[in-house]
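Peer 1:
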Amino acid sequence: MVKTHRDTISVNDCQVLAHYQFEADQYIITLESKEIADSTRPGQFVHLSVSGMLAMRRPISVMSVDADNGTFDLLYKIVGEGTKQLADRKIGDVLSVIGPIGNGFELTDRKIPLLIGGGVGMPPMIAIAQKIKDNAYYNPYVILGSEVPFPFEASQSSLNGFNSSKFYTMPLLEEWRVPCGLASLQDYEGVYKGYVTDLAREYLDSLSSSDLKEVEVFTCGPNPMLEAVSKLSNEYNLPCQASLEEYMACAVGGCAGCVVEVATENGPAMKRVCVDGPVFDAKTVFNDFR
């Protein structure tokens, strides 16, 4: 899975078409670029300027694309000065965007993708769901977790997915007819109270032995969550692809500021999250489960 990927990277001036604010300093911004919308694969990210005042760009995962209209959406949360300035961008502003960058998720012949996203790790899971929503071969289930209010108005599902009658869902996934369960340690209405891995375990235990063999786990979120998802996948003997979150400077493989240790056939090696990843086989990253 680890391979250098630079053939889609380009620099684009992208106009802001929409910018929505949600609770807990979360935002969704829609940018215009037919080139990025056409070439982005689930799990890839862009590196964008936030204002004319800061030279350093910020890496943000692509949540969804609209190839027909040449647009793409990013979900982000204010965590520092850069994203604070990004939140000030208005409709009509133009941002310089490099992308799409990195190696994304690789869909396989396993028919049941289990997509687990936490916090700002939700967008790559939504991107996978968009990619396969019209493909009858796949029967996905999405689990989204957040300890702050979700960046959408959660609503009751009408689908026949796992516990759909009990848990609320993301309206966009409902529109795509992709079953989804929400998880949080907070007491949000219609949300499973527990970790995403707790809900994932209940889902996996509901499957037959034959269906369990068709599951592949895809995940993105903070490292403690990724490690827990990797451990759960290992317990059920399931393949798991994990997208890592890491601080980046250049984001195109030049500075090597985002390296992580990865197990390879030739022993441990340092790999760049930006271009060698951000998606890796989880067992090669989390030492306890190699």
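In this text, residue positions in the sequence shown follow the working numbering: the first is 29, and each later residue adds one. No residue lacks a Cβ here, since even glycine has one placed at the ideal position from N, Cα and C. Quantities reported herein were computed from a predicted structural model and do not represent experimental measurements.
1) Could you give the DSSP three-state label for Met-91: helix, strand or coil?
2) Under the three-state reduction of DSSP, which class applies to Thr-68: helix, strand or coil?
3) Indicate the three-state DSSP secondary structure (helix, strand or coil) for Glu-63 in the structure shown.
4) Who are Ile-140's beta bridge partners in DSSP?
5) Whole angstroms are fine: how far does the CA of Ser-183 sit from the CA of Tyr-196?
6) Relative to the C-alpha of Glu-273, which residue among Arg-229, Leu-227 and Gly-71 is closest?
7) With which residues is Gln-214 paired in a DSSP beta bridge?
8) Met-276 lies in the beta strand (DSSP E); which residues open and close that run?
9) Using 8 Å for Cβ pairs, my map puts Ile-144 next to Val-245. What's the rounded Cβ distance?
10) Between the stretch 56-74 and the stretch 121-134, are three or more C-beta pairs nearer than 8 Å?
11) Would DSSP call Gly-145 helix, strand or coil?
Peer 2: Per the coordinate set shown:
1) Looking up residue 91 in the sequence shown gives position 63. Note: Met-91 maps to strand in three-state DSSP.
2) Within the sequence shown, residue 68 is the residue found at index 40, counting from 1. Of the three classes helix, strand and coil, the one that applies to Thr-68 here is coil, per DSSP.
3) To locate residue 63, count along the sequence shown from 1; it is residue 35. DSSP places Glu-63 in helix when its eight states are reduced to three.
4) Position 112 of the sequence shown, counted from the start, is the residue given in the question as residue 140. DSSP, once it has assigned bridges, lists Val-243 as partnering Ile-140.
5) Locating residue 196 in the sequence shown gives position 168, counting from the first residue. Locating residue 183 in the sequence shown gives position 155, counting from the first residue. Cα-Cα distance, rounded: 5 Å.
6) Numbered from 1 along the sequence shown, position 245 holds the residue referred to as residue 273. Of Arg-229, Leu-227 and Gly-71, the residue nearest in Cα terms is Gly-71.
7) Within the sequence shown, residue 214 is the residue found at index 186, counting from 1. Answer by DSSP bridge pairing: none, since Gln-214 is not bridged.
8) Within the sequence shown, numbered from 1, the residue matching residue 276 stands at position 248. Taken as a continuous stretch (DSSP letters only), Met-276 belongs to no beta strand (DSSP E), as it is neither H nor E.
9) Along the sequence shown, one-based indexing puts residue 144 at 116. Along the sequence shown, one-based indexing puts residue 245 at 217. At roughly 7 Å, the Cβ-Cβ gap stays under 8 Å, so Ile-144 and Val-245 are in contact.
10) yes
11) Position 117 of the sequence shown, counting from 1, holds the residue named residue 145. Looking at Gly-145 - three-state DSSP - the assignment turns out to be strand.
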